[in-house]
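Novice: Taken in order, these protein sequences are the chains called A and B.
Read left to right, the first sequence gives residues 18 to 1136 (the working numbering).
Read left to right, the second sequence gives residues 585 to 811 (the working numbering).
Don't be surprised by glycine CBs; every beta carbon is placed ideally from N, CA and C.
Please read all numbers here as calculations on a predicted model, not as lab measurements.
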Amino acid sequence: MNDVQVTAPDTAPITGVSADDALWYKDAVIYQVNVKSFFDSNDDGIGDFKGLTSKLEYIRDLGVNTIWLMPFYPSPLKDDGYDIADYQNVHPQFGTLDDFRTMLREAHRLGLKVVTELIINHTSDQHPWFQAARHALPGSPERDFYVWSDTDQKYVGTRIIFTDTETSNWTWDPVAKQYYWHRFFSHQPDLNFDNPQVMKAVLQIMRFWLDMGVDGFRLDAIPYLVEREGTNNENLRETHAVIKELRAAIDASYENRFLLAEANQWPVDVREYFGEGDECHMAYHFPLMPRIYMAIAQEDRYPIIEIMQQTPDIPENCQWAIFLRNHDELTLEMVTSKERDYMYTTYAADLQARINLGIRRRLAPLMENDLDRIKLMNSLLLSMPGSPILYYGDEIGMGDNFFIGDRNGVRTPMQWSPDRNAGFSRADPQRLYLPPIMDAVYGYQSTNVEAQSRDPSSLLSWTKRMLAVRKTSQAFGRGARRFLKPGNRKILAYLREVGEDTILCVANLSRSAQPVELNLASFKGRVPVEMLGRTAFPPIGELPYLLTISAYGFYWFRLATDAAGPAWHEQIVSVEERPVLVLFDGWSSLFRERVVPWRIGIAEKTRTQFEIDTLPRYIESQRWYAAKGKTIERARITESVLWQEGKLSWLLALVELDGSEERASYFMPLALAWEERDEERVRNLSTSAVAKVRQQAEVGVMGDAFADELFCRAVVAAMAARREITMSQGRLQFRPTAAFSEIAGADFASLPVERPRGSSSNTVVNMPERLMLKGYRRLRVGMNPELEMGLYLTEVVHYANCARLAGVLEYIANDGQTRLLAMLQAYVPNQGDGWTYSLEYVRRHLEQYRTTPASDALPVNAHEAYLTMMRVLAGRTAELHRALARPTADAAFLPQPIGGADIDAYRQRALDEARKALDLLAASLESIPAADRERANAVLAQRDQITARIEACAKVEPQGLKIRIHGDYHLGQVLVTRNDFVIIDFEGEPGHSLEQRRAKQSPLRDVAGMMRSFAYVQQSALRSVAHNETEAARLAPLARAWELEVRTAFLSAYDAAARESGAGQSGAGQPVLYESLQPGQGLLGMFELEKALYELRYELGNRPSWVGIPLQGILDWGS
Amino acid sequence: MQSIDVLVDAAREFLHQTAAFLPRLLLALVVVVGGWLLAKAVRFAVERALRAVNFNVLTERAGTDHFLRQAGSRGDTTTLFGVVAFWLVILAALIIAFNGLGLTYITDLLLRVVLFTPKLLIAMLIVVFGSYCARFVGNAVQAYCVDAQIPDADMLGRIVRYVIMTFVVMIALSQVEVGGDIVQRTFLIILAGIMLALALAFGLGGKNWAAAMLQRWWPQRNRDEEL
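Here's what the structure looks like:
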């Protein structure tokens, strides 16, 4: 399966089952089907192979990859087909051998493996071998096909399995005049493996089915093959020899086939059936199943942990098979008698529900149809070590009918629809092999596939989702298991680990919400990504990881090393983890020229330590550090001043970094607080601590001054007061805009200050509902476009839908060069940015249609509410462009007509971008994910077409205006605020120089940016919702339809709004903003393509796993 | 004729002496100008050297800069050291010049001034280091008292600082030999006065405490018995 990328929090590749993998069974999810019960194609009341074939797509869509078929051979059907009368044929009521072949071929076509039953312990007494044996002479090879005795006192130490129906393992045969041996029913005589002819016959049967294409066998009743006097006749050495021979025969002639041992034994005994990896590939883990039920009944994890601790390690190439329910009773052989009583009381209060040593009920009734408990049970099944087996019907929560007799109550017809006979058969109801479940709760009228397929929140939809999620990690199938032991015993928590892939499973076994603290210190720094919703949780830190889980709730987390924590989460490094800086004279300790003569040496040493160890480590951990991952050798303070306000002082430093990609200059204001004097400031600064400081007996914290409320207030006050602070090579200038008083109010000195939030290039501090202080970190020389645009939009054109500018802090060097250090803007109350708003919208939309049938049509105007918002956004965008297109005396903003030279320049820029991006793509082919390589090759193959398209787009009449534009316009740059949008962040494209960002451009560049943003939303949402390729293929048309609709809505609304004032397309004497808004054509088309190429280059350099999005964009553009 | 000769001789002698004096005067002027230039260079060098070793930080911390600014000086203590060095060189140049001119009285006078200058420099250094030390100890006492939760920590710190400063000033004055006995006597009188004031204050205000202490160390019964 191909990799499927997900949104930001999670970029794990899907590693599903590879069809050619010899260990495929380790990742298998097996669906147990009784042909008789699944679907009746010929209306005779009994399911058949043709019926099963017609329902294979349902099984495939469920998400399983293997089918286990219960016996379908000719048989008198006294034991539901486990009494075989002919091993090499199909029971006529299920169809013909050809029907089986067709089913097998179709299953393989759909990627499903098929496992059949190999019942070699016994045959039916109707089998020709037995008939021949009873008539053959004693001692003859024919007679010796079975185990005979003149007395029923042989092997007296052997237990009787079916105690309800059998009194002895021997039955008298009046024809043979001897007793024959049978471990099960008396009509099932055991084969005699001491006779070489039997082994030969069995191998022949095996080859018959393997040659046909069957992928594996379930070896029924395997511990009982051989008998020896004086033993209990179970798990004998000779039995293992037989299995080894079977395995050797398979390995010699066939690839990727497997044997599954049914040995209802304790794990230590079952371990023997794996041999040294030379017996069975898989074996059932029988005791686990009742322990899971027990754990939930007792609301205690102990039963599960205890049995798993008793489970021995198995060879690398072997696997456990685990299940919750199957066609037999829920066997309680593997629990103590007291536990059995407890289980009976809890799950089978009605004595009718009990049979042999077990309970004949399905999963849903056992859980009293409590969806939460059913889901919890399934989550445990799917995450415990082993390959899970799902029993048909349990995926929709089918009920049972234990009044039918034997175990037939759990073998009733599959409930497909609310139609007659549950949609299983169109036969007369009385002809059905068993009546379907018809009660009010579990009856087929309410519980059926059809209803649940259309319900995104049904158990069926949930099961599909769980299976899809399970496929995203091999850790479930192949990972080592490690239990965590949190204090709360109602919580079962364990890790599944394979390589770097670690899954944390946490389950609440109790009926009430529970908290739990997990010791995950060894995974410190990893981000738990909840696998169902792909939601990133806060990263794991030093402290125990606290979770709260609802009643019978569970979590599956991928402990990701490559995912970012939630955007709202601020990683607080404990101040204890910060280095200690010993000061002897406050701030002066860092400056040799500010200490008394005999301390110059220590000051130099302290400064070196600060610049080499302390500050670089802090800066490297910040989000605003541009060269992430690059080690800083030295953070050199090149310019600084001690800013004193009353008793407080801050060190305002400009720092130059050595060792990172380029010599970059950063603004680093620092605050110092001492524990004894300034407890509250210490607490605030601890969240952004640069170092723990000590001075004689005092301890304190040196931290980022933006975390110091007093500093932030002092900055605002200094802006209001137009303060200037002289430094050695320049000066700091605080100044307000004309709107300062209006925005900040008179009481700005008493505004509360929130904790700072780091972003990609700056630090933002909110003074709620009033002000937002944005501290720039990486400094650039020259006029910052955000400041310039902010001033123009606020003070000149009074554009309302942007964050208004209130004040500025700049550093003006003695040579006149300016650097923007901080900006004070009006706070914009908002509901998040447009990107999150749109992404969540599309995710919800796709999620809703994830499991619904493809035939279900979307309602008309399904996106109308969302599109209305996008039209508002388009209107605001047009208004911005209109405002920026106004005539002005300011040369930096004066609109100019686009000329032929401009078009040439645009064309050249796009061609340059194409060349650079495609060259880089060709050079990076190896490093991009395999799933995207095909698209990459397709793009590379279109190199000439791309150039031609750019040339074609550039053949336009030079028309329209070039104006100042946003420059980096996308959904992340607009804030949703009360059904409206506010445009923020006018910094321009970070990859361009300040001059390039300040250049006048066609406004269509902004429009093209927004178009590309819609494409990103579409692809990101698709990747995040679809767990596998099938889902992605199903949902892709929906996602593309959304994108098309939103593009159309945006462009038409933008056009209408731009035209309103005559600034749109050409009219009589009106200024013209653009020539054409035709998608994919003209300047808009060229800009969009150029943007996609730029994104390609960016993703190749920064996030190769995202490269598929721009690649798809380039390919789509062509179409 | 004789009178003319006398006059001529006198004039000749005058001219002769003048001719003999002028080179010396010129030399003296050269020495003075050279000395002035050298003095400027020395002042610059002294100031730079002192600032290079953060002497200015020391004087600032000692409070002498503040003292000078309050006294109307535009420079700091380091500048003052430069000025003293400047005048030392100027005076040395003047001595050489006057000596060359044979003005021994002036030379002697200047020599006495020059010999006084090192004492002045040392006295200044004593004041600077002493002030720093006074502040340091004063701050240490204050910090200790704050930690030990002794009331009036500020006042105690200040008292210690001023006491040390008094001694420092006394030492500096004695270094420059100013005041002599008068200053010492005055100091002793003031010190005795302070001690008396303290004794009275303690005797009147703390007699109960003193009685309690006496009782504790030397119980009444024992004393009565002794009596």
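DSSP on residue 525 (chain A), reduced to helix/strand/coil?
Specialist: Here residue 525 (chain A) carries a strand assignment [DSSP, helix/strand/coil].
Novice: Quick test of the definition: if touching needs 3 or more C-beta pairs under 8 angstroms, does the stretch 1012 to 1025 of chain A touch the stretch 1114 to 1129 of chain A?
Specialist: no
Novice: Below 8 angstroms on the Cβ atoms is my contact criterion, and I expect residue 138 (chain A) with residue 235 (chain A) to pass it. Report the Cβ-Cβ distance as a whole number of Å.
Specialist: Not confirmed; about 12 angstroms, so no contact.
Novice: Looking at the structure shown, is residue 653 (chain A) part of a helix, part of a strand, or coil, going by DSSP?
Specialist: strand
Novice: With distance defined between alpha-carbon atoms, name the residue in A:759, A:505 and A:547 nearest to residue 520 (chain A).
Specialist: A:547
Novice: Given residue 151 (chain A), which residues of its chain have a CB within under 6 angstroms of its CB, disregarding the five upstream and five downstream residues?
Specialist: 190, 192 and 193
Novice: Going along chain B, which residues have a C-beta under 8 angstroms from residue 611 (chain A)?
Specialist: 638 and 641
Novice: Mind listing the chain B neighbours of residue 617 (chain A)? Cutoff is C-beta to C-beta under 9 angstroms, in chain order.
Specialist: 637 and 638
Novice: How is the beta strand (DSSP E) around residue 682 (chain A) delimited, first residue to last?
Specialist: 681 to 691
Novice: Could you check the C-alpha separation between residue 687 (chain A) and residue 528 (chain A) for me, to the nearest Å?
Specialist: 51 angstroms
Novice: Would you please state the rounded distance, in angstroms, between the beta carbons of residue 418 (chain A) and residue 429 (chain A)? I believe it to be under 8 angstroms.
Specialist: 6 angstroms
Novice: Consider the Cβ of residue 813 (chain B): report whether some Cβ of chain A lies at a distance smaller than 8 angstroms.
Specialist: For residue 813 (chain B) there is no data in the structure shown, the boundaries of chain B being 585 and 811.
Novice: Going by DSSP, what residue range makes up the alpha helix (DSSP H) through residue 334 (chain A)?
Specialist: From DSSP, residue 334 (chain A) is part of no alpha helix (DSSP H); its letter is neither H nor E.
Novice: Answer yes or no: do residue 916 (chain A) and residue 1092 (chain A) have a C-beta to C-beta separation smaller than 8 angstroms?
Specialist: no
Novice: Identify, in the order they occur along the chain, each residue of the same chain with its Cβ nearer than 8 angstroms to the Cβ of residue 225 (chain A), setting aside the five sequence neighbours on each side.
Specialist: 104 and 105
Novice: Against chain B, does residue 686 (chain A) count as a neighbour if the rule is that its beta carbon must be under 8 angstroms from one of theirs?
Specialist: no
Novice: Please identify, using Cβ separations under 8 angstroms, the residues of the stretch 299 to 324 of chain A that lie next to chain B, in order along the chain.
Specialist: none
Novice: Which word fits residue 165 (chain A), buried or exposed, when buried means at least 16 other C-beta atoms lie within 10 angstroms of its C-beta?
Specialist: buried
Novice: In chain order, which continuous runs of the beta strand (DSSP E) of length 3 or greater are located wholly inside the stretch 851 to 892 of chain A?
Specialist: none
Novice: Under 8 angstroms between C-beta atoms, does residue 614 (chain A) make it to chain B?
Specialist: yes
Novice: So within the stretch 621 to 676 of chain A, which uninterrupted beta strand (DSSP E) runs reach at least 3 residues, ignoring any that extend past its ends?
Specialist: 651 to 662 and 665 to 675
Novice: Whole angstroms are fine: how far does the CA of residue 992 (chain A) sit from the CA of residue 850 (chain A)?
Specialist: 4 angstroms
Novice: Where do the N-terminal and C-terminal ends of the beta strand (DSSP E) with residue 962 (chain A) fall, by residue?
Specialist: First-last for residue 962 (chain A): 960 to 970, but that is the alpha helix (DSSP H), not the beta strand (DSSP E).
Novice: Which full runs of the alpha helix (DSSP H) of 4+ residues lie inside the stretch 784 to 835 of chain A, going along the chain?
Specialist: Fully enclosed alpha helix (DSSP H) runs of no fewer than 4 residues occupy 802 to 808 of the stretch 784 to 835 of chain A, in order along the chain.
Novice: Which stretch, first to last residue, makes up the alpha helix (DSSP H) that contains residue 1011 (chain A)?
Specialist: 1011 to 1015
Novice: Could you tell me the boundaries of the beta strand (DSSP E) in which residue 85 (chain A) lies?
Specialist: 83 to 86
Novice: Can you look up residue 1121 (chain A) in the DSSP assignment and give me helix, strand or coil?
Specialist: In this structure, residue 1121 (chain A) counts as helix in the three-state DSSP scheme.
Novice: Mapping the DSSP letters down to three states, classify residue 780 (chain B) as helix, strand or coil.
Specialist: helix
Novice: Could you give the C-beta distance for residue 820 (chain A) and residue 842 (chain A), rounded to a whole number, given that I count them as a contact under 8 angstroms?
Specialist: Beta-carbon to beta-carbon, residue 820 (chain A) and residue 842 (chain A) are separated by about 4 angstroms, close enough to satisfy the 8 angstroms threshold.
Novice: Give me the Cα-Cα distance between residue 1086 (chain A) and residue 913 (chain A), rounded to the nearest whole angstrom.
Specialist: Confidence at residue 1086 (chain A) is low in this model, with a pLDDT of 48, below 50, so its placement is unreliable and no value can be given for it.
Novice: How would you label residue 779 (chain B), buried or exposed, when you count the other beta carbons within 10 angstroms and need 16 or more for buried?
Specialist: exposed
Novice: For the beta strand (DSSP E) that residue 689 (chain B) lies in, which residues bound it at each end?
Specialist: No beta strand (DSSP E) contains residue 689 (chain B), which is instead part of the alpha helix (DSSP H) from 688 to 731.
Novice: Pick helix, strand or coil for residue 711 (chain A), following the three-state DSSP scheme.
Specialist: strand
Novice: Would you kindly report the start and end of the unbroken alpha helix (DSSP H) that includes residue 508 (chain A)?
Specialist: For residue 508 (chain A), there is no enclosing alpha helix (DSSP H); the enclosing beta strand (DSSP E) covers residues 508 to 515.
Novice: What does DSSP give as the partner residue(s) for residue 741 (chain A) in the beta ladder?
Specialist: A:750
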